[in-house]
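A.B. asks: Sharing a structure, written as structure tokens. Questions coming.
Protein chains in written order, with this note's numbering: chain H, 1 to 225; chain L, 1001 to 1422.
So this is what it looks like as structure tokens:
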């Protein structure tokens, strides 16, 4: 098999198509939600909705993904909670502050930025992969998770796991030739990009809707979200 | 076809706007909400996970609105919602959910699961799949004006008796009063001392207040049921009475769900008479204490350990978190101890949302209360105070059921007992 040709295809035309599907698909989904109609809230507030939303985002992004005891509930299940936080941290650091990925962004956007040293990014990538395995085992064994997991949930895990593992193997030149790993990495990235708009991985966009709703609903009652 | 699944599905579709859809899209199915639900924690039944309670809403949304949902349906991966599904979920959303919205506090995406489950109840109500006990109470409120059978005559007798028994002035149907106070029939029938207490506080503060015979019931069983029509009907009675009497303020007494309906929901459902403020008795008492309209004997209840139970609809969803604490710090500066978790993170009593009215829900209701027992034991509480008579009904019943050595108190009553003479 000619891996060089596969790689050229995977990082060339296929990547462009996948990226286009991703962008168009997400744009469609956001537009549809916005156009479904939003009733005006006529309830006289006791507190500030904007303040509530701001606190809601601050807590959601900075504070509580990593500190389970802030919310007493997670004393029961701290490992899963921390795994979820670390997975997202690892994912975003690798995607944005990893040098190789920054260069991809640069080629797409036209500008780049400073990145973190490889060992740090590498460790976080490993942490994210381990966290994902923990989350997978949790989904497999917890009765609630089994009840609410259909095949899309399993595919979500698979389609995010593959790019992460192939990327990690690529950095460490494990098991296969570089072109092979690079090809597999790009192919799996492309599959994931196409999968995102038709799956719940798209939550990274709707997060901003639901968190704002949450913050506003609590803020208007002057309750800390 | 007019099958119940069809009616339910159509209701879901009607109710789905951006608010509902954006939240359903945001759900990652991470399952974290399960650990926040007292019914799940108490029983371990995975079907009580909040995310599962909105599963029908999610399927309806996917199948009717989204491309992937339609494809899944066509491929047979997802099945159409059946009548059996609706029947099964009716039990889950009415018997094992108080819509306390604690789950929204732990949802990483911030979904307002309580209100979403309320949407599920709305479709159940339209399809006519509501537990019998709850529906009987709703019908009683439609016909007699109160789920506990407090008719005009019963009400008048009862109020007259309270006024005599506790020697307190209770104005009824006074035109031109500033404030209309609306009690719940739980207070009228089961905690009459609460009426006397609140009357005493209002009189001491010099409030120009009145009760209304026509608008005598603050409890809203239509809201429990999820029926938009009946929720509005019951609130309309109060608004009509308020207009008739020309008041400027409506005070909801110790009933949580009623407060959620009147204060936080009515404006988006119907025409609320202009110039009328809606507030809760705890908010009003808090205001009196802050402004000095009433003075409380400091340390009046300072013995043993007193703790406060936050009601989901008055504290977490009502916002009156500070007032009870300010009051308790005056009444019991040394005895007052917080349970953990408390305030907006508090664990629900397990009896709200109509659950206590459904006999078949008794086992899960008692099971959920065991979490409260653990919390009270952890602080060594001799007494527990609350500002919701529905919670109080649950506490009183459960203290008896579990044979606990804990006194159950209403906050207004403690305030009334500690009033300094003016």
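C-beta: ideal position from N, C-alpha, C; glycine also.
Name, please, each residue of chain H whose Cβ falls closer than 7 Å to the Cβ of residue 964/L.
C.D. replies: Chain L is shown only over 1001 to 1422; residue 964/L falls outside these bounds and no answer can be derived.
A.B. asks: The alpha helix (DSSP H) spanning residue 1243/L covers which residue range?
C.D. replies: That run of the alpha helix (DSSP H) goes 1228-1245.
A.B. asks: Of all the alpha helix (DSSP H) runs that stay within the bounds of the segment 1361-1397 of chain L, which reach a length of 4 or more residues?
C.D. replies: Counting whole runs of 4 or more residues, the segment 1361-1397 of chain L contains the alpha helix (DSSP H) stretches 1362-1379.
A.B. asks: What three-state label does DSSP hand residue 1338/L in the structure shown?
C.D. replies: In the structure shown, residue 1338/L sits in coil (DSSP, three-state: anything other than H, G, I, E or B).
A.B. asks: In the DSSP output, which residue or residues are listed as bridge partners for residue 1250/L?
C.D. replies: In the DSSP output, where bridge partners are listed per residue, residue 1250/L has 1180/L and 1278/L.
A.B. asks: Leaving out the 5 sequence neighbours to the left and right, which residues in its chain are closer than 6 Å to residue 1346/L when beta-carbon positions are compared?
C.D. replies: If we look at residue 1346/L and ignore the five residues flanking it on each side, its Cβ neighbours are 1310.
A.B. asks: How would you write the range of the alpha helix (DSSP H) that residue 165/H sits in, first residue to last?
C.D. replies: Where residue 165/H is concerned, the enclosing alpha helix (DSSP H) stretches over 151-172.
A.B. asks: Classify residue 1320/L as helix, strand or coil using the three-state DSSP reduction.
C.D. replies: Three-state DSSP puts residue 1320/L in coil, outside helix and strand.
A.B. asks: Is residue 1374/L close to chain H, meaning its C-beta is less than 7 Å from at least one C-beta of that chain?
C.D. replies: So, not an interface residue.
A.B. asks: Whose C-beta lies closer than 7 Å to the C-beta of residue 113/H among residues of the same chain, with five residues either side of it excluded?
C.D. replies: So the list reads 102, once near-sequence residues are dropped.
A.B. asks: Do residue 1286/L and residue 1125/L have their C-beta atoms within less than 7 Å of each other?
C.D. replies: Contact flag unset, no.
A.B. asks: I'd like to know whether the C-beta of residue 119/H is nearer than 7 Å to at least one C-beta of chain L.
C.D. replies: No, no contact with chain L.
A.B. asks: At a threshold of 6 Å, does residue 200/H count as lining the ligand ATP (C-beta to nearest heavy atom)?
C.D. replies: With respect to small molecules bound, the structure shown includes none, and the ligand ATP cannot be examined in it.
A.B. asks: Select from the segment 1193-1216 of chain L all residues with a C-beta closer than 9 Å to any C-beta belonging to chain H, and list them in chain order.
C.D. replies: Those would be none; no residue qualifies.
A.B. asks: Using DSSP's beta-bridge definition, name the partner residues of residue 1309/L.
C.D. replies: DSSP, once it has assigned bridges, lists 1386/L as partnering residue 1309/L.
A.B. asks: Using a C-beta to C-beta distance shorter than 9 Å, which residues of chain L count as neighbours of residue 164/H?
C.D. replies: Under the 9 Å cutoff, chain L gives no residues; its nearest Cβ is about 17 Å from residue 164/H.
A.B. asks: Quick check: the segment 1154-1172 of chain L against the segment 1385-1392 of chain L, are at least 3 beta-carbon pairs closer than 8 Å?
C.D. replies: Contact fails: fewer than three Cβ-Cβ distances are below 8 Å.
A.B. asks: Which residues bound the alpha helix (DSSP H) around residue 219/H?
C.D. replies: Where residue 219/H is concerned, the enclosing alpha helix (DSSP H) stretches over 203-219.
A.B. asks: If you measure beta-carbon to beta-carbon, which residues of the segment 131-143 of chain H are closer than 7 Å to chain L?
C.D. replies: Against chain L - using a Cβ distance shorter than 7 Å - the residues of the segment 131-143 of chain H are 142 and 143.
A.B. asks: Identify the residues that DSSP records as bridge partners of residue 1210/L: which are they?
C.D. replies: Partner(s): 1180/L.
A.B. asks: With respect to the alpha helix (DSSP H) encompassing residue 1172/L, which residues constitute its N-terminal and C-terminal limits?
C.D. replies: Per DSSP, residue 1172/L belongs to no alpha helix (DSSP H) and is neither H nor E.
A.B. asks: Beta-carbon separation of residue 1332/L and residue 1302/L under 7 Å?
C.D. replies: It is a contact, given that the beta carbons lie within the stated cut-off.
A.B. asks: Helix, strand or coil: which one does DSSP assign to residue 91/H?
C.D. replies: Helix, per DSSP.
A.B. asks: So what does DSSP say about residue 1219/L, is it helix, strand or coil?
C.D. replies: Of the three classes helix, strand and coil, the one that applies to residue 1219/L here is coil, per DSSP.
A.B. asks: Whole angstroms is fine: what's the gap from residue 1326/L's alpha carbon to residue 1108/L's?
C.D. replies: Using only the alpha carbons, I get a separation of about 31 Å.
A.B. asks: Between residue 88/H and chain L, is any beta-carbon pair separated by less than 7 Å?
C.D. replies: For residue 88/H, the answer is no, since every Cβ of chain L falls outside 7 Å of its Cβ.
A.B. asks: Which first and last residues belong to the beta strand (DSSP E) in which residue 1410/L is found?
C.D. replies: Its beta strand (DSSP E) spans residues 1407-1410.
A.B. asks: In terms of DSSP beta bridges, what is residue 1419/L paired with?
C.D. replies: In the DSSP output, where bridge partners are listed per residue, residue 1419/L has 1296/L.
A.B. asks: So, at 8 Å on beta carbons, what are the nonlocal neighbours of residue 201/H in its own chain, with the 5 sequence-adjacent residues on each side left out?
C.D. replies: Taken in chain order, the residues that qualify are 156, 159, 160, 192 and 195.
A.B. asks: Given a threshold of 16 other Cβ atoms within 10 Å of its Cβ, counted over all protein chains shown, does residue 1395/L qualify as buried or as exposed?
C.D. replies: Buried: at least 16 other Cβ atoms inside 10 Å.
A.B. asks: Okay, do the segment 1082-1092 of chain L and the segment 1022-1031 of chain L touch, 3+ Cβ pairs below 8 Å being the bar?
C.D. replies: Touching, no, given that fewer than three Cβ pairs across the two stretches are closer than 8 Å.
A.B. asks: Just to check my reading of the structure: residue 1133/L and residue 1003/L have Cβ atoms closer than 8 Å, yes? What is that Cβ distance to the nearest angstrom?
C.D. replies: Not really, about 24 Å apart at Cβ, beyond 8 Å.
A.B. asks: Once DSSP output is grouped into helix, strand and coil, what is the label at residue 1147/L?
C.D. replies: Correct three-state label for residue 1147/L: coil.
A.B. asks: Determine the chain C residues that contact residue 145/H at a beta-carbon separation under 7 Å, and present them in chain order.
C.D. replies: Absent here is chain C; the protein component of the structure consists of chains H and L.
A.B. asks: Around the Cβ of residue 1141/L, are there at least 16 other Cβ atoms within 10 angstroms (buried) or fewer (exposed)?
C.D. replies: Classification of residue 1141/L: buried, given that the 10 Å Cβ count is 16 or more.
A.B. asks: Check whether the Cβ atoms of residue 197/H and residue 26/H lie closer than 7 Å to each other.
C.D. replies: Yes, the Cβ-Cβ distance between residue 197/H and residue 26/H is below 7 Å.
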